[in-house]
Amino acid sequence: MQAKSGDIVTNLHHSSVQFDEPIPLILLQNADGRHSIDDLFELLRESFARREFGLMNEDNSVLEMGDKVDEILTIALENCLKQFVIYALLE
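Heads up, the final residue of the sequence shown is numbered 108 in my numbering, and it's a clean run with no missing numbers.
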């Protein structure tokens, strides 16, 4: 719920964690135990398609849907979930 209203959330140790990027916030808003990993991936794809966030190539050009986007979003999802565990944001 906190991720829906801002970029600072409280973890299980009652400490604040701030995210400056949209992908972790999108995932946190939906990491409620009702969404599978596949659901979370689809949410990221849909958010990207709606241009809620952008992705860049190594040459700083903007990625379009299909340009390695699925691969990058898969890695981003895995990394965010690992971060959420480290930051004590998931039980």
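Backbone N, C-alpha and C define an ideal beta-carbon position, used for all residues, glycine too.
List the residues that DSSP assigns as beta-bridge partners of I25.
-> According to the DSSP secondary-structure assignment, I25 is paired through a beta bridge with Q35.
Name the DSSP bridge partner or partners of V79?
-> M73
By DSSP, does D49 sit in helix, in strand, or in coil?
-> coil
In three-state terms, what does DSSP make of R68?
-> coil
What did DSSP end up calling E88 once you bin it into helix, strand or coil?
-> In the structure shown, E88 sits in a helix (DSSP, three-state: H, G or I).
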